[in-house]
Structure formats: structure tokens, C-alpha cells
Amino acid sequence: MDTALPVTLFTAIDHVGMAVPDLDEAIAFYRDVLGMTLAHEEVNEEQGVREAMMAVGDSGSCVQLLAPLSPESTIARFIDRNGPGCQQVAYRVDDVEAVSATLRERGLRLLYDEPRRGTSDSRINFVHPKDAGGVLVELVEPAASH
1 MDTALPVTLF TAIDHVGMAV PDLDEAIAFY RDVLGMTLAH EEVNEEQGVR
51 EAMMAVGDSG SCVQLLAPLS PESTIARFID RNGPGCQQVA YRVDDVEAVS
101 ATLRERGLRL LYDEPRRGTS DSRINFVHPK DAGGVLVELV EPAASH
């Protein structure tokens, strides 16, 4: 097993995901109080969320606000268990399959066998929090158009 860390495993912090009970209220807070700009908003039925990406200046990084679509969604369960707050840290990658394979070789469990669609048609996977110090780590390969 090659354990040398490739220089380009992660290219940036893509976003930090925040679980929120009310998306509109959270957008207003991040915009009006913290001075962030709404960069993107969408409903992701597969993930069970309504979400917004709030740009952190011109850094290329965002805060992702995640509100549940139903009481059964993963985000609703997270909020029930932990309250609103930080739910994940997402790292940008050039090739989500290659990074997933490298992390599996290093003994980490990923939540999906194959990448899934994420925000703005990105391709995503997650490292199991029990393998990452209790943190849900998301891998994000931006869509080619971004």
C-alpha cells in the first residue's frame, strides 16, 4: 500500500456544511449579518435538502446551508440529534474516484460505492465520520463548467 500523500489529493476547502432548520432565515443571517453573498440555491431531492451556497468573499470557498425537506431526511435527523450547526467539511478534489480509491486503500470507509450528484452538478462522496475523527468529510469534484 502506497501511503505517500499525493500533493493534489485535496485542492481546497470547498465548503463547510451547516445544518439549519430554516433556510430563508439562515440565508438572511449569513447575508445581512456576516456579509456573505448568496452564490447558489437549489433543492436536492436525493439528499433530502434545500440548500444554499454562501460565498466567503472571493476566496472560492463557501458556507453551505442545508435545511431538511422532510422530518425523515438525514439533515432533519442531524438537527434532532445535535441541534443546528456544523454538519460537514468538504474538500475540493480534481478526481473524486481517484481520491476515493486512495482513501479506501488507506483503510477509510466511504459512504457511497460510486460518486453521487451534489450541488451544481458536482460529483461527491463522503468519508465515514467514524474514520475521520468524528467529522463527516465530503469530497467534491466540481462540475466541468465551474
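The sequence shown lines up with residues 1 to 146 when you count with full-length UniProt numbering. No residue lacks a Cβ here, since even glycine has one placed at the ideal position from N, Cα and C. Computed from a prediction, not measured in an experiment: that's the story for all the values here.
Sequence-distant residues of its chain with Cβ nearer than 8 Å to residue i (five each side left out)
i	result
Asp94	Thr8, Thr11 and Glu141
residue 153	With the chain running from 1 to 146 in the structure shown, residue 153 is simply not present.
Glu45	Leu69
Ser145	Asp121
Asp131	Gly107, Leu108 and Arg109
Supposed close pair residue i, residue j - CB separation, criterion 8 Å
i	j	result
Gln88	Gly133	Actually they are not in contact, since the Cβ atoms of Gln88 and Gly133 sit about 13 Å apart, beyond 8 Å.
Pro42	Leu65	The sequence shown places Glu at residue 42, rather than the Pro named in the question. Not confirmed; about 11 Å, so no contact.
Val63	Tyr30	6 Å
Val33	Pro84	Wrong, their Cβ atoms sit about 15 Å apart, outside the cutoff.
Those residues which DSSP pairs with residue i across a bridge
i	result
Pro68	Val49
Lys23	For clarity, residue 23 is Leu in the given sequence; the question names Lys instead. Answer is none; Leu23 lacks a bridge partner.
residue 147	Not covered by the structure: residue 147. The range shown for the chain is 1 to 146.
Met54	Leu38 and Val63
Gly85	Ala19
Residue i, DSSP secondary structure in three states
i	result
Leu108	coil
Val96	helix
Asp14	strand
CB contact flag (residue i, residue j, <7 Å)
i	j	result
Ser73	Gly107	no
Ala26	Ala39	no
Ser120	Leu110	no
Ala90	Leu23	no
Residues near residue i in its chain [Cβ-Cβ closer than 6 Å; skip 5 each side]
i	result
Ser61	Ile13
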